[in-house]
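Let me begin by presenting the structure, written as structure tokens, before commenting on it.
In our numbering, the protein residues as written are 856 to 1199.
Written out as structure tokens, the structure is:
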């Protein structure tokens, strides 16, 4: 007598059920994988900033001051003097920090008496343009590029305005120096020491540790700069790494047009204007709302969800929410506003 085989295959319905279960499991797993990857990127970004903090303090130990955000800006326009009175150079603080970021061989290749880009908006007396410097500013410095910032890296080589004309593909960075209300339009940092809205960095000069009367742990010195959501800064406007001008280096919290059009000091009120349009330079704000429609890189933001990371004066790194109280955000960016701030 023949024994009937008891094995049988899956029915079509059973197979579809199995496939559906697998699809559901994959759908549940993917967000967790993406979150884990972003957590790793955010941690790498945080470690980058900690290394920057160490570099800043080592620089301060040697020079007794932090490096300037920008040296000999081609943007400062004055009938009396511009920048520090020397030739236009457009050297950034990042370039000055290279020896302290394990990049001394790269720093030693720069001719510090000549320029790396040909931007010179006001046709001021400029240093000679050095082709070797132009090549060097294209160098990738991984520590200056957050992995959650996909547009960090090389940018276009030519911009058709006098502010951005350049013949080198200066790499973008993901970070900006905290300059309070000031930017590359302003005179050297020292001129504004009596202004309580001063940040740690500025043109041609920067703060010393003793200038942080609000306390180094309560004051930010470097922040992520990109914009959030759909408000990413344009690749034409930085933020730049080893050389650059205009909205490229300074991370500020307010516009220069304080008190105009009925708006008061933003550290006391969230209203202020730039040009003819109201703007609010909070974390991940829409920086195109500045009267020009251009997404300048002079604010703070990141590719991380919900906020951005900031390096504090004591070397610690904090994550600030994009919903952080705006007055508090301004005060944290000022080094001597003489107001008590709590970040706890």
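The beta carbon of each residue, even a glycine, is placed where N, CA and C say it ideally should be. Only a predicted model underlies this, so the values are computations on that prediction, with no experimental measurement involved.
Residue i classed as buried or exposed, judged by whether at least 16 other C-beta atoms fall within 10 angstroms
i: residue 1188; result: buried
i: residue 869; result: exposed
i: residue 1052; result: buried
i: residue 1180; result: exposed
i: residue 986; result: exposed
i: residue 980; result: exposed
i: residue 1186; result: buried
i: residue 982; result: buried
i: residue 1115; result: Low per-residue confidence applies at residue 1115: pLDDT is 39, beneath 50, and the placement is therefore not dependable enough to give any value.
i: residue 1139; result: buried
i: residue 866; result: exposed
i: residue 881; result: exposed
i: residue 928; result: buried
i: residue 886; result: exposed
i: residue 926; result: buried
i: residue 965; result: buried
Residue i - containing alpha helix (DSSP H), residue span
i: residue 890; result: 867 to 918
i: residue 959; result: 959 to 964
i: residue 1181; result: 1181 to 1188
i: residue 944; result: Unbroken run through residue 944: none, as it is neither H nor E.
i: residue 991; result: 986 to 991
Identity of the residue in the options nearest residue i by Cα
i: residue 1174; options: 904, 886, 884, 956; result: 904
i: residue 820; options: 886, 951, 1184, 954; result: Because the chain in this structure spans residues 856 to 1199, residue 820 falls outside the shown range and cannot be described.
i: residue 1169; options: 880, 909, 1060; result: 909
i: residue 944; options: 921, 970, 954; result: 970
i: residue 989; options: 967, 999, 980; result: 967
i: residue 955; options: 911, 1043, 1078; result: 911
i: residue 1064; options: 1167, 958, 887; result: 1167
i: residue 1191; options: 1156, 1066, 1178; result: 1066
i: residue 1080; options: 1156, 1193, 1194; result: 1156
i: residue 892; options: 1043, 906, 1003; result: 1003
i: residue 1171; options: 965, 964, 1070; result: 1070
i: residue 1094; options: 894, 961, 999; result: 999
i: residue 1193; options: 1154, 1177, 1049; result: 1049
i: residue 994; options: 1026, 913, 878; result: 1026
i: residue 906; options: 962, 957, 1177, 917; result: 957
Nearest-angstrom beta carbon gap, residue j and residue i [assumed within contact, 8 Å]
i: residue 1158; j: residue 1001; result: 7 Å
i: residue 1105; j: residue 1038; result: 4 Å
i: residue 1058; j: residue 1073; result: Actually they are not in contact, since the Cβ atoms of residue 1058 and residue 1073 sit about 24 Å apart, beyond 8 Å.
i: residue 1098; j: residue 898; result: That pair is no contact at about 29 Å.
i: residue 1164; j: residue 919; result: Rounded, the Cβ-Cβ distance is 28 Å, inconsistent with contact.
i: residue 922; j: residue 1061; result: 6 Å
i: residue 959; j: residue 952; result: Wrong, their Cβ atoms sit about 11 Å apart, outside the cutoff.
i: residue 1068; j: residue 949; result: Contact flag wrong, Cβ pair sits at about 26 Å.
i: residue 991; j: residue 973; result: Residue 991 to residue 973, Cβ: 15 Å. No contact.
i: residue 1108; j: residue 1035; result: 7 Å
i: residue 1270; j: residue 1096; result: Because residue 1270 is not part of the residues shown, which for the chain are 856 to 1199, the question remains open.
i: residue 1056; j: residue 875; result: Not quite, the Cβ-Cβ distance comes to about 57 Å (not below 8 Å), so this is no contact.
Beta strand (DSSP E) segment containing residue i, residue limits
i: residue 1165; result: 1162 to 1167
i: residue 1173; result: 1172 to 1176
i: residue 1078; result: 1075 to 1079
Residue i beta carbon near the ligand ADP (any heavy atom closer than 6 Å)
i: residue 1074; result: Questions concerning the ligand ADP fall outside what the structure shown contains, since it holds no ligand whatsoever.
C-beta neighbour in chain D for residue i, strict 7 Å
i: residue 1077; result: The structure shown contains no chain D, having only a single protein chain.
In chain order, which continuous runs of the beta strand (DSSP E) of length 3 or greater are located wholly inside the segment 1020 to 1062? 1030 to 1033
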